[in-house]
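J.: Residue numbers 67 to 203, in the numbering used here, belong to the letters of the sequence shown in order.
Below: one structure in structure tokens.
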Amino acid sequence: ELQELDSHTLLGNIFYYYSPLNITLQTQAGRFLAGDEGLRFVFSRQYDTGARVGFWYSLTDTSDFTGFNKDYNDKGLYIQLPLGMFTDRHTQRQLDYSMSPWTRDVGAVVHHWQDLYHFGADLTPARFFDDLEQFAK
Numbered sequence: 067e068l069q070e071l072d073s074h075t076l077l078g079n080i081f082y083y084y085s086p087l088n089i090t091l092q093t094q095a096g097r098f099l100a101g102d103e104g105l106r107f108v109f110s111r112q113y114d115t116g117a118r119v120g121f122w123y124s125l126t127d128t129s130d131f132t133g134f135n136k137d138y139n140d141k142g143l144y145i146q147l148p149l150g151m152f153t154d155r156h157t158q159r160q161l162d163y164s165m166s167p168w169t170r171d172v173g174a175v176v177h178h179w180q181d182l183y184h185f186g187a188d189l190t191p192a193r194f195f196d197d198l199e200q201f202a203k
């Protein structure tokens with residue numbers, strides 16, 4: 067029997083970019099897909115090729131969950147490879163792959179092919195001025 071499930075998410079994001087190592091730290095706070103509330107931390111590094119490697123860890127309130135989800139903190143790692151690395155022309159397509167020890171409901175978010183921050187990250191002051199210095203050389 068299927069249950070009627072009315073679910074919503076409400077997440078706020080904070081990003082911090084550390085330019086010397088090309089590292090981005092992201093903190094998500096709010097309500098996740100399963101109704102658990104808490105924080106999710108994402109740490110990633112982007113390389114000159116456009117490839118991005120990162121990992122995540124979530125701390126959410128799962129005390130009212132049952133079974134394996136009770137008191138569990140979600141964690142995992144991911145890699146994003148732009149397909150332009152393998153061709154002789156530019157393309158916006160990318161290959162996303164992530165691994166997690168368990169497929170659980172804790173700290174789950176809706177997958178977006180690209181978030182607003184990474185879409186316009188090259189226009190943030192830290193990256194813009196770093197790129198400007200490279201053109202001056």
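Even for Gly, the Cβ is constructed at its ideal location relative to N, Cα and C.
Below 8 Å, how does it come out for the stretch 109–122 and the stretch 81–97: are there three or more Cβ pairs, yes or no?
T.: The stretch 109–122, when compared against the stretch 81–97, does touch it at the 8 Å Cβ threshold.
J.: Can you give me the Cβ contacts of D171 inside the same chain, cut-off strictly under 8 Å, excluding the 5 residues immediately before and after it?
T.: Closer than 8 Å at the Cβ level, and outside the excluded window around D171, lie L99, A100, D102, F131, N135.
J.: With Y123 as the anchor, note down where its beta strand (DSSP E) starts and where it stops.
T.: That run of the beta strand (DSSP E) goes 118–126.
J.: Given this structure, state the Cα-to-Cα distance separating L174 from A202, to the nearest angstrom.
T.: First, the residue type needs correcting, since residue 174 is Ala and not Leu in the sequence shown. Those two C-alpha atoms are separated by around 43 Å.
J.: At a cut of 8 Å, does the stretch 140–156 reach the stretch 116–132 through at least three beta carbon pairs?
T.: Touching, yes.
J.: Taking the alpha-carbon positions, what's the N79 to A187 distance?
T.: Approximately 14 Å between the Cα atoms of the pair.
J.: Would DSSP call V79 helix, strand or coil?
T.: Note that residue 79 corresponds to Asn in the displayed sequence, not to Val. Correct three-state label for N79: strand.
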